[in-house]
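Residue numbers (the numbering used here): 44 to 338.
In this text, a Cβ means the ideal position worked out from N, Cα and C, and glycines have one as well.
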């Protein structure tokens, strides 16, 4: 087994501590929670918490592998643009990779706070509507729901995913997302989702609270096979490596090049982080915590 994989597993597999930290997480993050909203509405067992940790441990292993080994990627070109984005095919699904640098290493903490914030995408993605939490296993391990606008004004695009923040060193942090076949009581009973990258996620099916439009099947459901933001402080900048794979639930007949166009469009929004931090904008911890909305 990969030594880094073992190290990560040993560092993360402290489920008892995680369960104790749920109380801390609630008290820290939910001070602004509306009275009619409730996080962790469904009971969390130690087995579920351990499984969540195991999933993110495996996800980190895959994310590091696909971020570090680049020889098998193909550049994605758009007219009058450099090949900033790269794709490869794994297990009959696309994995995309993007790398860019944000000036000034002092932006390191602010970038991490923004990416970890459930509503941080509002700063660089106009299609983003809202991020909410439905489960807290630990302050750094949660289930998040993200919503986006779609071409149909009354229907949103959304996904649920486990989210994990891991400090790899004093100068590098990774933020991970992984979807599974969670039970959100979606009105249109779709075929079972099977994560093609993170195998341990395939049996993770917790109940999560959802909104009325989801229960009526009046929203577009997508999945994050895995996503990882590697944020690394360097001498004169902050390097961001974004690796991800999405499942859009398109028909098998939908052309793959059109799927890649959609992914490329999403990736280019992430590059707007550079504009957000041009002025060394500081994201205070107080504003960071206030923006966490629990349901």
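How far does the alpha helix (DSSP H) with residue i in it reach, from first residue to last?
i, result
"residue 276", "Here residue 276 belongs to no alpha helix (DSSP H); instead the beta strand (DSSP E) covers 266-276."
"residue 194", "No alpha helix (DSSP H) contains residue 194, which DSSP labels as neither H nor E."
"residue 319", "316-319"
Cβ of residue i within 8 Å of Cβ of residue j?
i, j, result
"residue 268", "residue 240", "yes"
"residue 172", "residue 191", "yes"
"residue 26", "residue 138", "No information on residue 26 is available, as it lies outside the stretch 44 to 338 that the chain covers here."
"residue 104", "residue 116", "no"
"residue 90", "residue 249", "no"
"residue 253", "residue 224", "no"
"residue 154", "residue 316", "yes"
"residue 256", "residue 292", "no"
"residue 174", "residue 182", "no"
"residue 221", "residue 211", "no"
"residue 13", "residue 143", "Only positions 44 to 338 of the chain appear in this structure, which leaves residue 13 out of reach."
"residue 259", "residue 230", "yes"
"residue 136", "residue 288", "yes"
Which whole-angstrom value is the C-beta distance of residue i and residue j, which I expect to be below 8 Å?
i, j, result
"residue 219", "residue 262", "The pair is not a contact, with the Cβ atoms about 24 Å apart (cut-off 8 Å)."
"residue 96", "residue 184", "7 Å"
"residue 178", "residue 87", "7 Å"
"residue 8", "residue 281", "In the structure displayed, the chain extends from 44 to 338; residue 8 sits before or after that span and is not available."
"residue 276", "residue 167", "Wrong, their Cβ atoms sit about 20 Å apart, outside the cutoff."
"residue 148", "residue 279", "7 Å"
"residue 310", "residue 176", "25 Å between Cβ atoms; not a contact."
"residue 237", "residue 245", "6 Å"
"residue 201", "residue 188", "6 Å"
What is the DSSP secondary structure of residue i, counted as helix, strand or coil?
i, result
"residue 307", "helix"
"residue 257", "helix"
"residue 75", "Any reading at residue 75 must be qualified, since the residue scores a pLDDT of 39, below 50, and its modelled position is unreliable; no value is offered."
"residue 241", "coil"
"residue 177", "strand"
"residue 189", "strand"
Between which two residues does the beta strand (DSSP E) holding residue i run?
i, result
"residue 200", "200-212"
"residue 285", "280-290"
"residue 248", "Taken as a continuous stretch (DSSP letters only), residue 248 belongs to no beta strand (DSSP E), as it is neither H nor E."
"residue 218", "215-221"
Would you please verify whether the beta carbon of residue i is less than 8 Å from any beta carbon of chain B?
i, result
"residue 235", "Absent from the structure: chain B. Only one protein chain is present."
Open item on the list: At 4 residues or longer, what runs of the alpha helix (DSSP H) sit wholly inside the region 96-173?
Closed with: 151-159
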